[in-house]
Every structure is written in structure tokens, then in C-alpha cells.
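Q: In the numbering used here, the protein residues as written are 23 to 194. Beta carbons are placed, not taken as given, at the ideal position from N, Cα and C, and that holds for glycine. Structure incoming, see below.
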Amino acid sequence: MHEGPLHGGPSRRTYPVAVANKTQPTDASIDDFLAGLSERRRDEARQLIAMMQDISGEPPVLWGPSIIGFGCVQYRLASGRIGEMGAIGFCPRKAALTIYIAEGFDRYGDLLGRLGKHRTGRSCLYLTKLADADLGVLRELVAASHRHQTEMETCSVAHLDVAPGQPGTTSR
23 MHEGPLHGGP SRRTYPVAVA NKTQPTDASI DDFLAGLSER RRDEARQLIA
73 MMQDISGEPP VLWGPSIIGF GCVQYRLASG RIGEMGAIGF CPRKAALTIY
123 IAEGFDRYGD LLGRLGKHRT GRSCLYLTKL ADADLGVLRE LVAASHRHQT
173 EMETCSVAHL DVAPGQPGTT SR
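Laid out in C-alpha cells, this is it:
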């Protein structure tokens, strides 16, 4: 006899199943990724990598094909879906640098007012040129976002067989 809600028995599932994110940490080489960027974006990316690595104490890891993340946090959506993402990170897109800021910008109004030329989305900060931003203010903003993110449950990218950002294979 089958059990479960469709067969009149108790449900064995009492918690939401974690569904794999489309964007997963990889063992792809950060240097190889940066080599494919324009010289300006590569230089800007290196500045952001140094800043975010210093703030997080974590090495850069390529999440999916183009997001450079530092650390790992778990989150739960209102639907109950559980996922993982870098605690802080950015994507050096052609049109703009996209910096991911936890939980949006409501708590960061003062910093945004002092940041310089930028645009925002729901949780994305867009900088056309890194030189247009006050790097001290950007550092404060990224550090505040990192503090907020790491108050959530952290996770690990230790499943990688090699040091993050270096070529190799995964153990998945």
C-alpha cells in the first residue's frame, strides 16, 4: 500500500526540498574568465576582487559562467525554496559592472547618496565605470551587505576538488 497525501496516508515530506539553483559555484579559472574581458573591465574586476576578498576573507569563485562570488550563504524564498549564493559578488558585464547587494537598498540610502554615478535594480547596483564611484563608499556598502548576508546561514563551496578559481574538476 502506498502512503502519502494522495493515498490517504501521512506525508513523509515535512520540509521543502532544496532545488538546485541555475547558478552554481564552479571550479573554473578566474584568470581565464578575466582574460576574456576588455582591458578596462578586467582592471575594474581585479579591483573589485581585491576589495571583496579583503572584506569577506574568502577567495573568488566563479558562480555560473560570469558571476564572481565570495563566500556562500543559504536563503529561503517565501515559496519555501532553499538556495545558495555568494555572500557578496559581482558580474563584470559589458554595459556595466553589476554588484549584488543583499536585500535591496532600503537600508543603504545614505551610502547611495554619497556613492557617485550609479543605477539600482531590486538587489543590483550598476556602475558603468568603477571610476565614477567613490571606492571608499562602495567598500562601506559592500561590507554592510556582507555583514547582513553572513547573518544568514552560511554554506560551503568545499565540494570543489581544487582551490576556488583554479582549473580542475568537481566532485559532484
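Taking the continuous alpha helix (DSSP H) assigned at glycine 105, which residues delimit it?
A: Segment 104–107 is the beta strand (DSSP E) holding glycine 105; no alpha helix (DSSP H) there.
Q: Could you check where the beta strand (DSSP E) with phenylalanine 112 kicks off and where it finishes?
A: From DSSP, the beta strand (DSSP E) with phenylalanine 112 extends over 110–114.
Q: Where do the N-terminal and C-terminal ends of the alpha helix (DSSP H) with arginine 64 fall, by residue?
A: Taken as a continuous stretch (DSSP letters only), the alpha helix (DSSP H) holding arginine 64 covers 61–78.
Q: Distance, Cα to Cα, isoleucine 104 vs valine 95?
A: One C-alpha to the other measures close to 11 Å.
Q: Output needed for threonine 142: all residues of its chain with C-beta closer than 6 Å, excluding positions within five of it in sequence on either side, in chain order.
A: Phe127.
Q: So, helix, strand or coil for alanine 100, using DSSP?
A: Coil at alanine 100, not helix or strand.
Q: Return the Cβ separation of phenylalanine 92 and serine 78 in integer angstroms, given the expectation that the two are a contact with Cβ distance under 8 Å.
A: Phenylalanine 92 to serine 78, Cβ: 4 Å. Contact.
Q: Can you give me the C-alpha to C-alpha distance between proline 27 and tyrosine 97, rounded to a whole angstrom?
A: Any answer about proline 27 is weak, because its pLDDT of 41 lies below 50 and its placement is not dependable; what the coordinates show is given next. Cα-Cα distance, rounded: 27 Å.
Q: Run through DSSP, which three-state label would phenylalanine 92 get?
A: Reduced to three states, the DSSP call for phenylalanine 92 is strand.
Q: Do you know offhand how far lysine 116's Cα is from arginine 136's?
A: So the alpha carbons of these two residues sit roughly 25 Å apart.
Q: Mapping DSSP to helix, strand and coil, what is glutamine 155?
A: Strictly speaking, residue 155 in this sequence is alanine, with glutamine absent from that position. Reduced to three states, the DSSP call for alanine 155 is strand.
Q: With DSSP as the reference, label glycine 131 as helix, strand or coil.
A: If DSSP states are grouped into helix, strand and coil, glycine 131 belongs with the helices.
Q: Could you tell me the distance, in whole angstroms, from the CA atom of histidine 181 to the CA atom of proline 81?
A: Residue placement at histidine 181 is flagged as unreliable, the pLDDT there being 44, under the threshold of 50; the coordinate-derived value follows with that caveat. The alpha-carbon atoms of histidine 181 and proline 81 are separated by roughly 14 Å.
Q: So, for leucine 157: in the same chain, excluding its five sequence neighbours on each side, which residues have a beta-carbon less than 8 Å away from its beta-carbon?
A: So the qualifying residues of the chain are Gln69 and Met73.
Q: Determine the DSSP secondary structure at threonine 142, reduced to helix, strand or coil.
A: Of the three classes helix, strand and coil, the one that applies to threonine 142 here is strand, per DSSP.
Q: Can you grab the Cα-Cα spacing for the pair tyrosine 122 / alanine 57, in whole Å?
A: Approximately 22 Å between the Cα atoms of the pair.
Q: At the level of alpha carbons, what is the spacing between isoleucine 110 and proline 47?
A: Taking the straight line joining both Cα atoms gives about 13 Å.
Q: Measure how close the beta-carbons of leucine 160 and glutamate 66 come, nearest whole angstrom, since I'm counting them as under 8 Å.
A: Their Cβ separation, rounded to whole angstroms, is 11 Å, which puts leucine 160 and glutamate 66 out of contact at 8 Å.
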